[in-house]
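Residue numbers (the numbering used here): 1 to 284.
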């Protein structure tokens, strides 16, 4: 149930968060696909108040996306719309298997080894969970350093994830009990990589709810969510998302007839929600 079969190319029509695709190619040189927790981001872009911010918003890009593409036209707008906010856009250390153009590579937060039995759905879920836990450890260390540098806490942190980045934003935000989480084009399923055929061979919903903290599943998490999605998005199963976020205070925006397309008004919806969230938190 909830499995999504993928062709050799990602879905078309995605302007920012699943873009810049050429023919697929695996990484060379025997690089380990998943980073140790202390590996650095390949790049971090910052916008807004870089000195003594009162709020940090972290934008997490999608599969085969980059920090520049994720931030384009959005980060500056969010930074100017959120008084005193620093907007940070990190980039995964790992390139995607579609990353052919050295001048404009795409990146993957959840780069898989692909050595499991891809015919076993349980094995595929275990591999994606292994990869996700490792990336969450790295992301959490990076966030710890970022917040410490600015003398802020998780109550002054909003995580915004787009497509694949929404997986990390949701799980990490719940783990840390961040002020808020925005999931846009997510929480999605994920493709399954096979090293044997050097390609994605299928995919679907990876039981992400099992990676939530027990306290969150029991409704004891103060983090509030904003979920912005299209009703025709085959990458984002509505029933699974609503079940995963049922225990959270969640604002849902389902855009009728829209797919995995990220129209501009989605970012305006998210910004309005963040402004209201910050105003309410400041008043309490």
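Glycine residues also receive a C-beta, built at the ideal position from the N, C-alpha and C atoms. All of these numbers come straight from a predicted model, not from anything done at the bench.
(message) Taking a contact to mean a Cβ-Cβ separation below 9 Å, would you say residue 128 touches residue 91 in this structure?
(response) If you number the chain shown from 1, residue 128 lands on position 128. If you number the chain shown from 1, residue 91 lands on position 91. It is not a contact, given that the beta carbons lie outside the stated cut-off.
(message) Buried or exposed, going by whether 16 or more other CB atoms sit within 10 Å of the CB of residue 198?
(response) Counting from 1 along the chain shown, the entry for residue 198 is found at position 198. With fewer than 16 Cβ atoms within 10 Å of its Cβ, residue 198 is classed as exposed.
(request) Indicate the three-state DSSP secondary structure (helix, strand or coil) for residue 97 in the structure shown. (result) For the purposes of this step, residue 97 is taken as the residue at position 97 of the chain shown. Correct three-state label for residue 97: coil.
(request) Scan the segment 219-249 and note each continuous beta strand (DSSP E) run of 3 residues or more that stays entirely inside, going in chain order. (result) 224-230
(request) Count the other C-beta atoms from every protein chain shown that fall within 10 angstroms of the C-beta of residue 102, then say buried if there are 16 or more, exposed otherwise. (result) The residue you call residue 102 lines up with position 102 of the chain shown. Exposed, since its Cβ has fewer than 16 Cβ neighbours within 10 Å.
(message) Please list the terminal residues of the continuous alpha helix (DSSP H) segment that includes residue 194.
(response) Here residue 194 refers to the residue found at position 194 of the chain shown. Looking at the DSSP string, residue 194 is not in any alpha helix (DSSP H); the run it does join, the beta strand (DSSP E), is 190-194.
(request) Using only alpha-carbon positions, find the residue among 261, 52, 253 that is nearest to residue 149. (result) Counting from one through the chain shown, the residue named residue 149 turns up at place 149. The shortest C-alpha separation from residue 149 is found at 52.
(request) Label residue 93 either buried or exposed according to how many other C-beta atoms from any shown protein chain fall within 10 Å of its C-beta, with 16 as the threshold for buried. (result) Position 93 of the chain shown, counting from 1, holds the residue named residue 93. With 16 or more Cβ atoms within 10 Å of its Cβ, residue 93 is classed as buried.
(message) Just verifying my parser: in three-state terms, what is the DSSP assignment at residue 281?
(response) Locating residue 281 in the chain shown gives position 281, counting from the first residue. Correct three-state label for residue 281: helix.
(message) Can you give me the C-alpha to C-alpha distance between residue 230 and residue 242, rounded to a whole angstrom?
(response) The residue you call residue 230 lines up with position 230 of the chain shown. The residue you call residue 242 lines up with position 242 of the chain shown. The straight-line gap from Cα to Cα measures roughly 13 Å.
(message) Restricting to Cα atoms, I'd like to know which of 238, 268, 194 is closest to residue 254.
(response) Walking along the chain shown from the start, residue 254 turns up at place 254. For the residues 238, 268, 194, the minimum Cα distance to residue 254 belongs to 238.
(request) Return the CA-CA distance between residue 225 and residue 151, expressed in angstroms with no decimal places. (result) Stepping through the chain shown from its first residue, residue 225 is reached at position 225. Stepping through the chain shown from its first residue, residue 151 is reached at position 151. Residue 225 and residue 151: Cα-Cα distance of roughly 24 Å.
(request) Starting from the Cα of residue 177, find the closest Cα among 62, 163, 214, 236 and give me that residue. (result) Translated into positions along the chain shown, residue 177 becomes position 177. Nearest C-alpha to residue 177: 214.
(request) Write down the C-beta distance between residue 49 and residue 86 rounded to the nearest angstrom, noting that I regard them as a contact closer than 8 Å. (result) Residue 49 sits at position 49 when you count from the first residue of the chain shown. Residue 86 sits at position 86 when you count from the first residue of the chain shown. The Cβ separation is near 5 Å, so the contact holds.
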